[in-house]
Amino acid sequence: MVVYLARSKGNDMGVTSIAIESTDQKQVKEIPTDGLFIAIGHNPNTEIFKGHLSMDNEGYLEVNPNKTEYATQCDKAGILLQVM
Numbered sequence: 001m002v003v004y005l006a007r008s009k010g011n012d013m014g015v016t017s018i019a020i021e022s023t024d025q026k027q028v029k030e031i032p033t034d035g036l037f038i039a040i041g042h043n044p045n046t047e048i049f050k051g052h053l054s055m056d057n058e059g060y061l062e063v064n065p066n067k068t069e070y071a072t073q074c075d076k077a078g079i080l081l082q083v084m
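The following block contains the structure:
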């Protein structure tokens, strides 16, 4: 599914839902939610850390499952780690 139209809805407390329309369905679907994360592409911004921090082949910082050391700080930035 490729979403080509999306709108967020909310109130003073934050996001309450998103409305999406996709290329395969010509109807708008509203999905209730408490939060919204927008990602455009998946290119980590880690160039400045090369040679200083451990990275995988795609350039994401390598972390242990407990997310200790520098990982906790970088995770908050939201641009350096890819955890699936």
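With my numbering applied, the sequence shown corresponds to residues 1 to 84, in that order.
Glycine included, each C-beta is placed from N, C-alpha and C at the ideal position.
Fair warning: this is a prediction, and the values are worked out from it, not measured in the lab.
Next on the checklist: Determine whether the beta carbon atoms of S17 and I40 lie at a separation below 8 Å.
Outcome noted: Numbered from its first residue, the sequence shown carries residue 17 at position 17. Numbered from its first residue, the sequence shown carries residue 40 at position 40. The Cβ atoms of S17 and I40 lie no closer than 8 Å to each other.
Checklist entry - To the nearest angstrom, how far is it from the Cα of D24 to the Cα of T33? => result For the purposes of this step, residue 24 is taken as residue 24 along the sequence shown, with counting starting at 1. For the purposes of this step, residue 33 is taken as residue 33 along the sequence shown, with counting starting at 1. Between the alpha carbons of D24 and T33 lies a gap of roughly 22 Å.
Item to check | Neighbourhood of K9 by C-beta distance below 6 Å, restricted to the same chain and skipping five residues each side | outcome: In the sequence shown, the residue the question calls residue 9 occupies position 9. For K9, where only same-chain residues beyond five positions count, the Cβ hits under 6 Å are T16 and S17.
Item to check | Proximity of M55 and E62 at Cβ, strictly below 8 Å | outcome: Translated into the one-based positions of the sequence shown, residue 55 becomes position 55. Translated into the one-based positions of the sequence shown, residue 62 becomes position 62. Contact flag set, yes.
Item to check | Coarse secondary structure for E21, derived from DSSP in three states | outcome: On the sequence shown, residue 21 is found 21 positions in, with the first residue counted as 1. Three-state DSSP puts E21 in a strand.
Item to check | Under the three-state DSSP convention, the category I48 falls into | outcome: For the purposes of this step, residue 48 is identified with residue 48 of the sequence shown, where counting begins at 1. In the three-state reduction of the DSSP assignment, I48 falls in the helix class, which pools H, G and I.
Next on the checklist: For a test of the three-state rule: what should DSSP assign to N43, helix, strand or coil?
Outcome noted: Here residue 43 corresponds to residue number 43 of the sequence shown, with the count starting at 1. DSSP places N43 in coil when its eight states are reduced to three.
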